[in-house]
């Protein structure tokens, strides 16, 4: 009887942990008075990016790397951008943010190196990103970019896992850190962070949330 109880408790714990982990592929963000429209930035070629110009657009921010197991997601991101791009209000604007803090998987130092890596290596076969690439930066640690500091205070991490320390190139490590390349943060047309997704969430899995935000923008 004792062993049956032990087995039942273990199985219950395992199933609860499994379900909980499945539910934590994304996490809703907190709303506040400030918005991303108050930020200015730079693209990969050094040109100014003023987020005021993104008013009435849905924004998807993705920290990217060329030599990652998730680099193939660039293809899905291109598909999303083509499907929901709009020159009018309420279109989707995807912004890719190169980062080299995870296993040194984005070694490119400038626009030419990074764009050529995407075109000829991974995804390769002449690939050209349809989304804008912002300047390369740190998304975690002592030198993390101000935009990501703000995003992480608003969007709790959906991931319960901490990656291998040997693959992480920053300190200090915090519980709200971006956990790996290709985490995604979706923002609404008012510049408010909406939801944060783990790297394993495929671009096409965002369709329902993107369409919900487009409907909210158009209503």
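Residue numbers (UniProt numbering): 1 to 219.
Quick reminder that beta carbons are idealized off the backbone N, C-alpha and C, glycines included.
Just so you know, these numbers come straight off a predicted model, no measurement behind them.
Among the options, the one whose alpha carbon lies nearest that of residue i
i           : options            : result
residue 239 : 207, 211, 103, 147 : Residue 239 cannot be examined here, being either before or after the span of the chain that is shown, 1 to 219.
residue 50  : 108, 39, 192, 30   : 39
residue 199 : 174, 36, 73, 101   : 73
residue 37  : 76, 58, 30, 46     : 58
residue 196 : 63, 68, 79         : 63
residue 173 : 85, 102, 126, 125  : 102
Residues bridged to residue i (per DSSP)
i           : result
residue 133 : 96
residue 63  : 97
residue 165 : Its beta-bridge partners do not exist; DSSP assigns none.
residue 220 : A question about residue 220 goes unanswered here, because the residues of the chain that appear run from 1 up to 219.
Residue i to residue j span [Cα, whole Å]
i           : j           : result
residue 27  : residue 110 : 32 Å
residue 150 : residue 123 : 30 Å
residue 237 : residue 138 : Nothing in the structure corresponds to residue 237, since the chain is present only between 1 and 219.
residue 31  : residue 216 : 15 Å
residue 214 : residue 97  : 23 Å
residue 154 : residue 171 : 21 Å
residue 129 : residue 65  : 13 Å
residue 89  : residue 45  : 26 Å
residue 11  : residue 160 : Bear in mind that a pLDDT of 47 at residue 11, under 50, signals an unreliable position, so the model cannot answer this.
Closer than 7 Å: residue i CB and nearest the ligand COA heavy atom
i           : result
residue 207 : Although the ligand COA was asked about, the structure shown includes no ligands whatsoever.
Nearest-angstrom Cβ-Cβ length linking residue i and residue j, presumed shorter than 8 Å
i           : j           : result
residue 157 : residue 175 : 7 Å
residue 75  : residue 92  : Going by Cβ atoms, the distance from residue 75 to residue 92 rounds to 16 Å, so no, they are not a contact pair.
residue 118 : residue 203 : That belief does not hold up - the Cβ atoms of residue 118 and residue 203 are roughly 16 Å apart, past 8 Å.
residue 100 : residue 107 : 6 Å
Inset, instruction - Could you tell me which uninterrupted beta strand (DSSP E) segments, each at least 3 residues in length, are contained entirely in the stretch 171 to 214, listed from first to last along the chain? - result: Restricted to the stretch 171 to 214, the beta strand (DSSP E) segments that are unbroken, complete and at least 3 residues in length are 184 to 187, 193 to 197, listed in chain order.
Legend entry - Runs of alpha helix (DSSP H) wholly within the stretch 16 to 57 (minimum 4 residues, chain order): Segments of the alpha helix (DSSP H) lying fully in the stretch 16 to 57: there are none.
Inset, instruction - Mind listing, in chain order, the continuous alpha helix (DSSP H) runs of no fewer than 4 residues lying wholly within the stretch 69 to 96? - result: Fully enclosed alpha helix (DSSP H) runs of 4 or longer: 73 to 84.
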